[in-house]
Amino acid sequence: MIDAPEAPLPVTQESLARAIGQRYLQYALSTIMDRALPDARDGLKPVHRRILYAMRELRLSSSGAFRKSAKISGDVMGNYHPHGDAAIYDAMARLAQDFAVRYPLVDGQGNFGNIDGDNPAASRYTEARLTAAAEALMEGLDEDAVDFRPNYDGTLTEPVVLPAAFPNLLANGSSGIAVGMATNIPPHNIDELIAACLHLIKAPG
Numbered sequence: 382m383i384d385a386p387e388a389p390l391p392v393t394q395e396s397l398a399r400a401i402g403q404r405y406l407q408y409a410l411s412t413i414m415d416r417a418l419p420d421a422r423d424g425l426k427p428v429h430r431r432i433l434y435a436m437r438e439l440r441l442s443s444s445g446a447f448r449k450s451a452k453i454s455g456d457v458m459g460n461y462h463p464h465g466d467a468a469i470y471d472a473m474a475r476l477a478q479d480f481a482v483r484y485p486l487v488d489g490q491g492n493f494g495n496i497d498g499d500n501p502a503a504s505r506y507t508e509a510r511l512t513a514a515a516e517a518l519m520e521g522l523d524e525d526a527v528d529f530r531p532n533y534d535g536t537l538t539e540p541v542v543l544p545a546a547f548p549n550l551l552a553n554g555s556s557g558i559a560v561g562m563a564t565n566i567p568p569h570n571i572d573e574l575i576a577a578c579l580h581l582i583k584a585p586g
């Protein structure tokens, strides 16, 4: 029996300039929103947010036990961030480096690199858990403080943004280069940030 040929796809008439412009804009927005720049609400890029959330789901509290970094990066890749595990581990390692972030969000155990440029040890040799700052960043997730969305394959949900009781964007700063724009926000002292917030509450405007 010969299968009937599939119907040809419809042909869309469109100018080359319009098609290129529209597709470039889609790519630029995807890069800006989903990869390269932090969200101003929690100061995190998607990969960092997913790492912290996956660690929370593994119950890696700041007072609990450490888990192998390979397990953490594997869960992040399998559940929330379907990209290379090496890139995920590098992003997690940076959150543990006190010379890279002012207030680390990951408590690393083992060789997580140094300021001289030496790379962290392989993920099978290092362990990690959350810091108190990271826990404050996610405080309120169980109270529906933020919206959730399906993960990449629709089997789980992930927060769109973290509640951010800890002012991560200003405390740790952030940097990123996207398509046509970039950001570079310096870190700030947390005590001074709190004092500034109290001043704004007392004297708005």
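In terms of this note's numbering, the sequence shown opens at residue 382 and continues consecutively. For every residue, glycine included, the Cβ atom is placed at its ideal position computed from N, Cα and C.
Own chain partners of P463 with C-beta closer than 6 Å, once the 5 adjacent residues on each side are dropped: Y533
Rounded separation between K426 and D384 - CA only: 48 Å
Bounding residues of the beta strand (DSSP E) (the contiguous stretch that carries Q588): Examination of residue 588 is not possible in this model, given that the chain is present from 382 through 586 alone.
Check whether L574 and L518 have beta carbons under 9 Å apart: Cβ distance not < 9 Å, so L574 and L518 don't count as in contact.
Within 9 Å, strictly: CB atoms of R430 and V560: no
Residues of its chain near A515, where Cβ-Cβ distance is below 6 Å and the 5 sequence neighbours each way are ignored: L433, L486
The region 467-485 in contact with the region 411-419 per 3-pair CB rule at 8 Å: no
Bridge partners - A509, DSSP secondary structure assignment: As a beta-bridge residue in DSSP terms, A509 pairs with R448, G489.
Rounded C-alpha distance that separates I566 from S555: 5 Å
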